[in-house]
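First comes the structure, then the notes that go with it.
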Ligand SMILES: Cc1cc2nc3c(=O)[nH]c(=O)nc-3n(C[C@H](O)[C@H](O)[C@H](O)COP(=O)(O)OP(=O)(O)OC[C@H]3O[C@@H](n4cnc5c(N)ncnc54)[C@H](O)[C@@H]3O)c2cc1C
């Protein structure tokens with residue numbers, strides 16, 4: 001089933017009776033070539049690119065809940081390629097290019113909107129850092145424009161230019177950055193993988209990983225054992241729990257990040273705006289809701305909900321930056337479990353166990369990485385070689401201390417923001 005304007009017209013005229021489920025609901029087979037643990041954005045995109053780019057079909061994605069129920073359906077949907085360090089810079093650039101062709105590739109409207117992102121800065125020192133970051137982005141082939149205070153005032157006149165605790169000096173503008181509809185991304189990849197023969201098995205929690213003589217043999221699940229030649233762990237916030245099933249202790253802490261959405265308003269915020277000093281960022285969804293969030297809740301947890309001190313902090317920061325939003329009513333808030341790595345950068349690697357692969361450490365930023373992560377991880381699983389866009393996301397960097405990609409500079413304590 002392909003989507004097209006003609007198809008929408010035809011279905012509209014014939015009572016919408018021709019639409020079919022986007023993917024099958026197969027029973028698990030006793031054996032697959034590749035089993036992927038986790039049906040989030042990264043697990044689904046990995047399965048999709050394994051099938052599309054490497055012609056592999058005998059693959060299962062095992063999801064403990066339902067497709068789209070994890071962070072892939074809980075994030076604030078920002079897509080960007082504005083990283084500073086080599087390792088991340090080329091990876092996120094690769095991912096953004098895939099985003100730009102994603103809707104045609106998947107034949108699915110993921111509502112990718114390149115409305116531009118503005119990162120605010122508030123001092124001469126921060127302006128210098130923004131200029132350096134912008135130069136790195138341009139060197140990588142991406143786009144960046146340094147905005148002064150008056151440029152900023154023209155673009156976003158509703159910000160508090162008069163008495164903000166951190167005065168507005170300007171912003172780093174990334175025009176190709178933007179947003180997308182998060183659950184549509186999950187559904188689009190799920191449908192694409194299913195069409196290529198991948199079995200998506202929901203309500204199938206993995207409870208154990210079978211290993212014999214240093215070689216992975218399969219997994220234990222709540223729906224019985226499944227043998228597999230290769231197993232990929234792509235469980236985001238629950239990566240440490242899944243890796244523990246293979247006797248591994250990952251350098252990952254799971255923390256809560258909250259998000260908030262207001263009632264629908266007329267279009268007022270054209271771009272994504274980030275206010276790092278206040279721990280606040282905001283955009284407006286296509287439905288009109290203001291979508292915003294802040295920083296972590298600062299305690300390790302597996303609860304997909306946050307606590308009131310962070311709610312209060314985020315609201316205060318939002319009101320300080322743009323007092324006008326005080327009139328909007330918040331309709332919903334929720335939390336997601338973030339897989340925080342010590343250097344703020346992901347892990348996409350083989351493990352010491354033959355046939356067992358790991359993909360995690362996405363911190364706050366794994367949504368924009370979904371296409372890139374799937375494509376490079378599929379390359380690694382299928383060929384055994386690192387994709388050129390991801391040669392540095394190695395697990396052993398935390399053991400050896402070599403090639404740390406210190407994008408965040410906070411070390412392993414995520415409360416040191
Ligand atoms: C509030 C919030 C805002 C965010 N904002 C942004 C943003 O603006 N931009 C951005 O780039 N990123 C953002 N992120 C981060 C991004 O959402 C995540 O990094 C990314 O979604 C994680 O990868 P995933 O989609 O594969 O995770 P998930 O969707 O969580 O997928 C992991 C899956 O593994 C499954 N699983 C776990 N254990 C098992 C098991 N034992 N057996 C079977 N299945 C299992 C889970 O049920 C889950 O479905 C945000 C996150 C949150 C919470």
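Residue numbers (the UniProt record's numbering): 1 to 417.
Ideal Cβ positions, reconstructed from N, Cα and C, are used throughout, including at glycine.
Pull up the distance between the alpha-carbon of residue i and that of residue j, whole angstroms please.
i, j, result
"residue 238", "residue 37", "11 Å"
"residue 397", "residue 92", "19 Å"
"residue 105", "residue 195", "13 Å"
"residue 119", "residue 68", "29 Å"
"residue 1", "residue 61", "21 Å"
"residue 16", "residue 175", "38 Å"
"residue 295", "residue 337", "13 Å"
"residue 367", "residue 207", "26 Å"
"residue 279", "residue 375", "31 Å"
"residue 204", "residue 26", "11 Å"
"residue 87", "residue 18", "46 Å"
"residue 24", "residue 188", "14 Å"
"residue 160", "residue 82", "25 Å"
"residue 5", "residue 191", "19 Å"
"residue 7", "residue 14", "10 Å"
"residue 134", "residue 22", "40 Å"
"residue 214", "residue 308", "46 Å"
"residue 124", "residue 136", "19 Å"
Considering only residues of the same chain and omitting the five flanking positions on each side of residue i, which have a CB-CB separation below 7 Å?
i, result
"residue 362", "236, 339, 346, 369"
"residue 197", "51, 57"
"residue 54", "378, 382"
"residue 371", "45, 95, 98, 99, 102"
"residue 66", "202"
"residue 270", "115"
Return yes when the Cβ of residue j is within less than 8 Å of the Cβ of residue i, no when it is not.
i, j, result
"residue 272", "residue 138", "no"
"residue 306", "residue 258", "yes"
"residue 226", "residue 388", "no"
"residue 234", "residue 352", "no"
"residue 373", "residue 251", "no"
"residue 332", "residue 261", "yes"
"residue 288", "residue 264", "yes"
"residue 286", "residue 111", "yes"
"residue 70", "residue 40", "yes"
"residue 232", "residue 357", "yes"
"residue 185", "residue 348", "no"
"residue 256", "residue 335", "yes"
"residue 350", "residue 33", "no"
What is the residue span of the beta strand (DSSP E) that residue i lies within?
i, result
"residue 261", "253-264"
"residue 119", "117-121"
"residue 298", "289-300"
"residue 327", "Here residue 327 belongs to no beta strand (DSSP E), and DSSP marks it neither H nor E."
"residue 200", "199-201"
Following the continuous alpha helix (DSSP H) through residue i, name the residue where it begins and the one where it ends.
i, result
"residue 378", "370-383"
"residue 138", "124-139"
"residue 333", "No alpha helix (DSSP H) contains residue 333, which is instead part of the beta strand (DSSP E) from 330-340."
"residue 221", "Looking at the DSSP string, residue 221 is not in any alpha helix (DSSP H); the run it does join, the beta strand (DSSP E), is 215-221."
"residue 8", "5-13"
Can a CB atom of chain C be found closer than 8 Å to the CB of residue i?
i, result
"residue 100", "Any reference to chain C falls outside this structure, which holds one protein chain only."
DSSP on residue i, reduced to helix/strand/coil?
i, result
"residue 310", "helix"
"residue 393", "coil"
"residue 72", "helix"
"residue 113", "strand"
"residue 63", "coil"
Which residues in the same chain as residue i place their Cβ atom closer than 6 Å to its Cβ, once the five residues preceding and following it in sequence are excluded?
i, result
"residue 324", "158"
"residue 275", "120, 321"
"residue 85", "405, 407"
"residue 114", "176, 178"
"residue 108", "188"
"residue 403", "392, 397"
Kindly list the residues whose CB is nearer than 8 Å to the CB of residue i, restricted to its own chain and excluding five residues on each side of it in sequence; keep chain order.
i, result
"residue 313", "279, 294, 295"
"residue 127", "121, 146, 169, 170"
Does any heavy atom of ligand 2 sit closer than 7 Å to the C-beta of residue i?
i, result
"residue 146", "Of the ligands this structure carries, namely ligand 1, none is ligand 2."
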